[in-house]
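Q: If you read the sequence shown in the numbering used here, its first letter stands for residue 796, the second for the next number, and so on. Ideal placement from N, C-alpha and C gives every residue a C-beta, glycine not left out. Since this is a predicted model, take the numbers as computed values, not measurements.
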Amino acid sequence: MAFSDLFSSIGSLFSGGRAAAVGIDIGSSSVKIVQIHKEKGAAVLDTYGSLAIGPYVENAEIGQYTNASEEVLHTVLTALIKEAQITATSVCVSIPFHSSLISLIDVPPLSDEKIAQVIPFEAKRYIPVPLEDVSIDWFVVPKALLDRDDMSLFHKDKPTAMPAKEEKRKVLLIAIHNHELLKHKNILSRTELNTKYFEIEIFSTLRSSVYETRLPIILIDIGARTTKFYIVDHGIILRSLFINQGGQSITQAIVHAENIPFKEAEHKKRELGFDIPDKNTKEAMALVTDEMFSEANNAIVDFEQRYHRSISKIVLTGGGAVMKGILEEAKKKTNIAVEMANPFGRLRHPAFLSDALKESGSEFAVAVGSAMRALNE
Ligand SMILES: Nc1ncnc2c1ncn2[C@@H]1O[C@H](COP(=O)(O)OP(=O)(O)OP(=O)(O)O)[C@@H](O)[C@H]1O
Ligand SMILES: [Mg+2]
796 MAFSDLFSSI GSLFSGGRAA AVGIDIGSSS VKIVQIHKEK GAAVLDTYGS
846 LAIGPYVENA EIGQYTNASE EVLHTVLTAL IKEAQITATS VCVSIPFHSS
896 LISLIDVPPL SDEKIAQVIP FEAKRYIPVP LEDVSIDWFV VPKALLDRDD
946 MSLFHKDKPT AMPAKEEKRK VLLIAIHNHE LLKHKNILSR TELNTKYFEI
996 EIFSTLRSSV YETRLPIILI DIGARTTKFY IVDHGIILRS LFINQGGQSI
1046 TQAIVHAENI PFKEAEHKKR ELGFDIPDKN TKEAMALVTD EMFSEANNAI
1096 VDFEQRYHRS ISKIVLTGGG AVMKGILEEA KKKTNIAVEM ANPFGRLRHP
1146 AFLSDALKES GSEFAVAVGS AMRALNE
């Protein structure tokens, strides 16, 4: 992937007149957009792009976390829509994980209708802020789900059978801060786009990047500001957490080790990754990734002890997963199979793009999954 902003418009050509949809991921360092359309039942990639926010704010660079205002984010998004030649208007926008709460909770053995009535009361016990500050959604986990291979977490409308025994039932409780929803609504409302859905980023990522759901995995999203960890089994998020260390922390490590400006360090990181020649710099970078993967190890051990199942693999996503050598670091530090997410893998796209999309597509895991949601529902 090119160091600078990435645009690849391969076919506003392709989408003319057909049902098309857009996914948008407003990250802490860059905005990502993907447009797809449906053709003979298959999803086809039209165009995609990302634009760094850093250059639009004071004292920030490409790759750097920015606490950008709605105004700035609107400007960046508008520029991206233009550059990526977005033509569709039906959109799903992702909401960052850190402004949400995802929790698998136990509720009494009641029917789905009764559960709907008790959730607001149960939710109070799990949500550490006043309920009027959040928007709540939930999903009753079918009892059979953890034992079966063929059920999808996302069949929300299907009523689930009552459990045979008087067992507690599991509910995936999801809460999003209203201020974050409002922020995203405000940014989008000034564009021509029609936002059909808001979705927490992990649900988008699962849709685009996790195809095999029978065995438990840990998905690690290495963003700019944070690294997020999700343990997922049969499509259900059993555990989620994040640390305030991300790709930006690796760049900062290079800044300090080599006493060079952020811009230069970011460039070096993207060019060389762990192939960076200086031994001290490499060690400084490894301190950051050590922290990431020891957090992953803690989550894995905790899961395995609690559920008596092994994590089958690590799936790396986010822009930080593109870094040279990070896959090997992850393998070395965790002793588990590691693969890089390939969110474009299920979209039809021109063959000449395959290698580039495979190598660096993980940055778009959220945006691709959002676009899929907007296309299919
Ligand atoms: N080729 C590359 N090599 C190394 N790092 C890279 C590469 N491309 C992008 N990155 C890093 O990925 C990070 C950005 O990833 P991403 O776009 O997923 O973050 P974000 O979504 O903006 O952040 P967050 O998810 O934390 O809000 C930056 O730290 C950037 O330096
Ligand atoms: Mg992100």
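DSSP puts methionine 1135 in a beta bridge; with which residues?
A: Note: methionine 1135 sits in a beta bridge opposite Leu1111.
Q: Got a sec, what are the start and stop residues for the alpha helix (DSSP H) arginine 1089 sits in?
A: Here the sequence assigns serine to residue 1089, which means arginine is not the residue at that position. Unbroken alpha helix (DSSP H) run through serine 1089: 1074-1102.
Q: Apart from the five residues on each side of it in sequence, which residues of its chain come closer than 8 Å, Cβ to Cβ, to leucine 941?
A: Reliability of the predicted coordinates at leucine 941 is poor, the pLDDT of 47 falling under 50, and the value obtained from them is presented with this limitation in mind. So the qualifying residues of the chain are Asp1028, His1029 and Ile1031.
Q: Tell me which same chain residues have a C-beta within less than 7 Å of the C-beta of lysine 1064, skipping the five on either side of it?
A: Ile1045, Thr1046, Ile1049 and Met1118
Q: What is the C-beta distance between serine 824 and alanine 1079, in whole angstroms, given that I count them as a contact (C-beta under 8 Å)?
A: So it is not a contact: roughly 20 Å between Cβ atoms.
Q: Buried or exposed, going by whether 16 or more other CB atoms sit within 10 Å of the CB of glutamate 1124?
A: buried
Q: Taking contact to mean 3 or more Cβ pairs, one atom from each stretch, closer than 8 Å, check whether the region 980-996 and the region 873-888 are in contact.
A: yes
Q: Check whether the region 833-840 and the region 852-860 touch, using three or more Cβ-Cβ pairs below 8 Å as the test.
A: no
Q: Helix, strand or coil for glycine 1164, going by three-state DSSP, please let me know.
A: helix
Q: Starting from threonine 842, trace the beta strand (DSSP E) both ways and give me its first and last residue.
A: 837-847
Q: Of the residues Ile1055, Leu1036 and His869, which one's Cα is nearest the Cα of lysine 980?
A: His869 is the residue among Ile1055, Leu1036 and His869 whose C-alpha sits nearest the C-alpha of lysine 980.
Q: Among Thr882, Val966, Lys877 and Pro850, which residue has its Cα nearest to the Cα of serine 898?
A: Val966
Q: Nearest to aspartate 901 by alpha carbon, out of Ala918, Glu1086 and Ile1055?
A: Residue Ala918 holds the alpha-carbon nearest to the alpha-carbon of aspartate 901 among Ala918, Glu1086 and Ile1055.
Q: What is the rounded straight-line gap between the Cα of alanine 1166 and the Cα of valine 817?
A: Spanning the alpha carbons of alanine 1166 and valine 817 requires a straight line of approximately 5 Å.
Q: Which residues mark the beginning and the end of the alpha helix (DSSP H) in which leucine 868 is found?
A: First-last of the alpha helix (DSSP H) with leucine 868: 865-878.
Q: At which residues does the alpha helix (DSSP H) containing arginine 1065 begin and terminate?
A: 1057-1067
Q: Checking 8 Å against the spacing of the C-beta atoms, do alanine 1162 and methionine 1135 come in under that value?
A: In this structure, alanine 1162 keeps its C-beta atom at 8 Å or more from the C-beta atom of methionine 1135.
Q: Can you list every residue whose CB sits closer than 5 Å to some heavy atom of ligand 2, going in chain order?
A: Output, sorted by chain position: Gly822 and Gly1018.
Q: What separation, rounded to the nearest whole angstrom, lies between the Cα atoms of leucine 976 and valine 929?
A: Spanning the two alpha carbons is a distance of roughly 9 Å.
Q: Can you tell me where the alpha helix (DSSP H) holding threonine 1021 begins and where it ends?
A: Where threonine 1021 is concerned, there is no enclosing alpha helix (DSSP H), given that its DSSP letter is neither H nor E.
Q: What is the rounded straight-line gap between the Cα of isoleucine 831 and the Cα of threonine 882?
A: Spanning the two alpha carbons is a distance of roughly 10 Å.
Q: Can you list, in chain order, the residues of its chain with a C-beta nearer than 6 Å to that of serine 999? Leave out the 5 residues immediately preceding and following it.
A: Ser889, Val1161, Gly1164 and Ser1165
Q: Please determine whether the Cβ atom of methionine 1118 lies at a distance below 7 Å from any heavy atom of ligand 1.
A: Relative to the non-hydrogen atoms of ligand 1, the Cβ of methionine 1118 comes within a distance shorter than 7 Å of at least one.
Q: Nearest to methionine 1087 by alpha carbon, out of Ile997, Ala1052, Phe1069 and Gln1040?
A: The residue among Ile997, Ala1052, Phe1069 and Gln1040 with its C-alpha nearest the C-alpha of methionine 1087 is Gln1040.
Q: Just the C-alpha distance for leucine 1014 and threonine 1084, rounded to the nearest angstrom, thanks.
A: 15 Å
Q: Would the C-beta of proline 923 count as close to ligand 1, meaning under 7 Å from any of its heavy atoms?
A: no
Q: For aspartate 820, which residues of its own chain have a beta-carbon under 6 Å away from its beta-carbon, when the five flanking residues on both sides are left out?
A: Within the same chain, aspartate 820 has close Cβ partners Lys827, Ser889, Val1161 and Ala1162.
Q: Quick check: what's the CA-CA separation for valine 913 versus aspartate 932?
A: Cα to Cα, the separation comes out at about 13 Å.
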